[in-house]
Structure formats: C-alpha cells, structure tokens
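In our numbering, the protein residues as written are 5 to 320.
See below:
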C-alpha cells in the first residue's frame, strides 16, 4: 500500500510539474506596447544539422530549450494584438510564448518577414491546413518576396486556402497598425536570391527599435549604422559571427555578415547610453555569445552592449 501511495504521489508531482510553464511571466507594461525576443539563433539552429563540433556535442545529449531560431514579437496589450517578425521554424513555441506574455490566444495578428532565407520565413508552413489552418493572417512582404509566395508551393497554397493574406510593402513606407504602432521596412544589402532583404524600424507610443538580423556589411548600407543607432532606443543587430576564426574552412566572403568584433570597433566612440541601445542577435551555432558566461559574452557586456536573450522584453 505504501508503495502504491508513493507511486501515486510521484505521478501527481510529475503532472503538476508539467502543467507549470517555464516561460517568463508577463512584465508590467507602461506604454501598452512591448517588444519580446522570441529567438536569437541563426537560421539553422543550435545544434546545427550534421554538426559534431564541440559547440554541438553536449547539445545533442542535453538540448538547450532557450536556443530558438531568430524571431522577435511585438505585443500591443491595449488592443490585445500580437505580431511576429520573421516566421522561424520554431514558430510553434514562439507564438505560444508571445500569447502567454500578452494573455491572448488563437492566431497571430500579423507576420513581418525580413527575407527568404530558411530561418526567417519557413515557419509560415505552420499556418497551413496541416497545422494551425489559420484564417487570413496578414503576411507583410516586399514585392519580390510577395511574388515568390504567390508563385511557389507550398506557400501559394497558404494563399489559395486563405490561411494567409499577403500585404505588399514599399521600401521605407510606414505600415500603420494602430495609433500606437507603426512599422517601416528598410532595405539592406544581403544575398537576395528569392526576395529583397529588409530591416524594420518598429515605432511604439514612446520608443523606436531597429531590427536588422541579416546584412552583408555595415559599410555596404546606404545609411550610417552608427548614426542610426543614435536615432533609435534599441537596435537589434546582426551578430552571426563573433570573429572570422569560428568559420573554419568556409570562405567567409560567401556568407558575409558584420563580425561582432568589427561592430564593436565601429561603435566604440558611442556614448555609454548609446552603446546600451545595441542588442546583438542572430548567432551562428559556433558563436560563443550563445553561452552567457563565455569570455566573448563577458567582453561584449564589459564594452557596454547588450546580448539579446530569449524572453528579453523592452518597452516601446
């Protein structure tokens, strides 16, 4: 009898433990609009497929549930609206996280895509009939990417079945979602095989955020990134590689990104309060910024910058 009671108690404990979410609870919001980091890893995730390096070895045995592919969310608490920026392959968990923090349910109210690389748009498939079977979710896309969705399966099926509705954007023309939320796409230089590549200026009631998860090099952009950081309150910026050493045998010219060391050198003359606006994001599986207590992470923080972590929330 004692063994039976112990067994039942254990089952009840496990059941209660499973019912408790490990997600961060909603923060107190002052402006009514918040930005939340839903993922900070490069397109292929961590560990990456086929990786047998030291950076992946332990993760095959003990997955880190906080390593989700790149995405941010915007929550309009007053209107109970949720928006996702980049539909990653981890969108299932990320939408749940977004809804829990905004105390909402159902589908997402809009998806903004930066470009057509696998970590940034393939999560749209989960809006289809095999999964959520959503109804007319607005997907905001630049003209070339809109055409890609309309003329290539399985994405075209999402449109024909009215799972999504494509909303075409124009470069640097604001999309007004509400009196307290405005989104402006800004094209950036990147490998544009199937679409344009954009970053976004996300403007809330009081503050602005810049989101550029992918760009070839800052010097190739028509805007001065240092000046841009001064004009916004938060800048979530491409930090795919910390330095060239982690690339190994691959030719870095075929996968250009601003190295974190390069960006820190570029930003070194910013005032301390301006450096704090920089949030490095979009880390390759080899990038030690994924490890909070790594020497690289400590260096970035010591120099006055932020490292975007899943669950981080800022006020807009």
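Glycine residues also receive a C-beta, built at the ideal position from the N, C-alpha and C atoms. Quick caveat: nothing in here was measured; it's all calculated off a predicted structure.
- Counting of Cβ neighbours within 10 angstroms places residue 254 among the exposed residues, the total staying below 16.
- Distance from the Cα of residue 236 is smallest, within the candidate group 148, 62, 282, 123, for 282.
- In this structure, the straight-line span from the alpha carbon of residue 194 to that of residue 258 is close to 11 Å.
- Residue range 282-285 is occupied by the beta strand (DSSP E) that includes residue 283.
- Here residue 96 is exposed. Its C-beta has fewer than 16 other C-beta atoms within 10 Å.
- Taking residue 69 as reference, the option from 307, 294, 122 with the minimal CA-CA separation is 294.
- Within the segment 130-214, the runs of alpha helix (DSSP H) that reach at least 4 residues and sit entirely inside it are, in chain order, 147-155, 159-164.
- C-alpha of residue 135 to C-alpha of residue 110: approximately 13 Å in a straight line.
- In this structure, residue 140 and residue 40 do not form a Cβ contact; the two beta carbons are roughly 24 Å apart against a cut-off of 8 Å.
- Judged by beta-carbon spacing, residue 214 lies within the 8 Å limit of residue 205, meaning their Cβ atoms are closer than that value.
- DSSP lists 38, 86 as the bridge partner or partners of residue 79.
- If you compare the alpha carbons of 71, 44, 142 with that of residue 85, the shortest gap goes to 142.
- Our two residues, residue 153 and residue 299, have alpha carbons roughly 42 Å apart in a direct line.
- When only Cα atoms are considered, residue 312 and residue 289 end up about 15 Å apart.
- In the DSSP annotation of this structure, the continuous segment of the beta strand (DSSP E) that includes residue 240 starts and ends at 238-242.
- Sequence-distant partners of residue 305 (beyond 5 residues in either direction) whose C-beta falls short of 8 Å from its own C-beta, in its chain, are 311.
- Scanning 66, 42, 38 for the CA closest to the CA of residue 51 turns up 66.
- The beta-carbon distance between residue 242 and residue 218, rounded to whole angstroms, is 6 Å. This is short enough to meet the 8 Å contact definition.
- Annotation for residue 122: the continuous alpha helix (DSSP H) segment containing it runs 122-125.
- When the five nearest sequence neighbours on each side are left out, the beta carbons in the same chain lying within less than 7 Å of the beta carbon of residue 55 are those of 289, in order along the chain.
- With a beta-carbon spacing of about 18 Å, residue 220 and residue 122 fall beyond the 8 Å limit used to define contacts.
- Secondary structure of residue 233 (DSSP, three-state): helix.
- CA-CA distance, residue 101 to residue 42, rounds to 8 Å.
- With a 10 Å radius around the Cβ and a threshold of 16 neighbouring Cβ atoms, residue 227 comes out exposed.
- In this structure, residue 127 keeps its C-beta atom at 8 Å or more from the C-beta atom of residue 150.
- Residue 77 and residue 147 have their C-alpha atoms some 23 Å from each other.
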